[in-house]
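Written out below as structure tokens is the structure these notes cover.
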Amino acid sequence: MTTVAEVYGLGLAGDRVWLEGSRDAELPVRDWNRDHLDGDQALLDRCQGPTLDVGCGPGRLSTALLGRGVPTLGIDISRQAVALARLRGAAVLQRDVFRPLPREGGWGHALLADGNIGIGADPIRLLARCRDLLTPAGTVLLDLQGTGAHVRTDRVRLRAGDLASDWFHWSSLPTGALPAVAAAAGFGVQDVWCSAGRWQAELRTSDHWRRDPG
């Protein structure tokens, strides 16, 4: 059986990768390897201090933030993604977000872009882990899965040509489910918006959340 990281690596090298399961669809790995995607700007503009890019992939956002002078560390479990990000000039570690990380409790922002809220198939657990990594006034910036009402967790695998990965679980978080999930992890929803067709949100730790940021 081919690992998830190996099939993902084929996508980073240019192969088409498909997500198979209850909802088969092409995974836009080749897009993630670009220098910029429509909708990135809204996330990047909100990163005003040290930022941890969780599941950074080939370093699109990490590199953009470093270019703005924002201290940024990317983490990813894929060896190929880490290598590509470093070629771009990003500071990246091959690391699992649930393992010990540098500067725990000192990050101003955590990025969960490109559907990475699904890491671990438990958005509450992932956000709670991000809360531990952030400063008391830190924020999480994330992409959401449309405007549905419920968290969805699917059993999926990746396929590139004749190679298929082992099966794993992945979650998607829509706008309607966000407030309850955020609250369970110790966050309030600071803002939700749609940029270039991407639904996105900013979460702030509960002690510093205000309903009206203005």
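Mapping of the sequence shown onto the working numbering: position 157 corresponds to residue 158, and the numbering continues sequentially without gaps.
Glycine included, C-beta positions come from ideal geometry on N, C-alpha and C.
If you're wondering where the values come from, they're calculated on a predicted model, not measured in any experiment.
message: So, under 8 angstroms CB-CB, V55 and V5 are touching, yes? Tell me the CB distance rounded to an integer number of Å.
response: About 16 angstroms; that fails the 8 angstroms criterion.
- prompt: For H170, does the three-state DSSP call read helix, strand or coil?
  reply: In the structure shown, the three-state DSSP call for H170 is strand.
field: One or two residues paired with E203 in a DSSP bridge
entry: As DSSP reads the structure, E203 sits in a beta bridge with L142 and D192.
field: T73, DSSP secondary structure in three states
entry: T73: strand per DSSP, three-state reduction.
query: In chain order, what residues of the same chain have a beta carbon less than 6 angstroms from the beta carbon of P51, not counting five sequence neighbours either side?
result: P72, W108 and G109, listed in sequence order.
message: For a quick check, are the C-beta atoms of A197 and D46 less than 9 angstroms apart?
response: No, they are not a contact pair.
Any beta strand (DSSP E) of 3 or more consecutive residues that is wholly inside the stretch 24–90: Qualifying beta strand (DSSP E) stretches, in chain order: 26–28, 52–55 and 73–77.
query: When DSSP labels each residue in this structure, what does T154 get in the three-state scheme?
result: Strand, per DSSP.
- request: Output the distance between the C-alpha atoms of P214 and A150, rounded to the nearest integer angstrom.
  value: Annotation note: pLDDT 43 at P214 (below 50); position unreliable, coordinate value reported separately. Going by C-alpha positions, P214 is about 24 angstroms away from A150.
- prompt: Mind checking P137: buried by the 16 CB within 10 Å criterion, or exposed?
  reply: The residue is exposed, with fewer than 16 neighbouring Cβ atoms inside 10 Å.
task: Starting from the Cα of Q42, find the closest Cα among D208, S207 and W194 and give me that residue.
output: For Q42, the closest alpha carbon among the candidates D208, S207 and W194 is that of W194.
message: What does the Cβ neighbour count give for Q49, buried or exposed, with the cut at 16 atoms within 10 Å?
response: Under this definition Q49 is an exposed residue.
- request: Could you tell me which of D163, L159 and H170 sits nearest to R18, measuring between CA atoms?
  value: Residue identity check: residue 18 is Val in the sequence provided, not Arg. Comparing Cα-Cα distances from V18 to each of D163, L159 and H170, the minimum goes to L159.
Reduced DSSP category for L102 - H, G, I as helix; E, B as strand; rest coil: DSSP places L102 in coil when its eight states are reduced to three.
field: Nearest-angstrom Cβ-Cβ length linking V190 and L174, presumed shorter than 8 angstroms
entry: The pair is not a contact, with the Cβ atoms about 12 angstroms apart (cut-off 8 angstroms).
query: When the Cα atoms are used, what is the spatial distance from A65 to T154?
result: When rounded, the distance between both Cα atoms is 31 angstroms.
field: 9 angstroms Cβ cutoff met for N1 and L85
entry: Residue 1 lies beyond the stretch modelled for the chain, which goes from 2 to 215, so this question has no answer here.
field: Cβ-based burial, R1 [other Cβ within 10 Å; buried from 16]
entry: Any answer about residue 1 is impossible in this case: the structure gives the chain only from 2 up to 215.
task: Over the uninterrupted beta strand (DSSP E) stretch that includes A185, give me the two end residues.
output: For A185, there is no enclosing beta strand (DSSP E); the residue is found in the alpha helix (DSSP H) stretching over L179 to A185.
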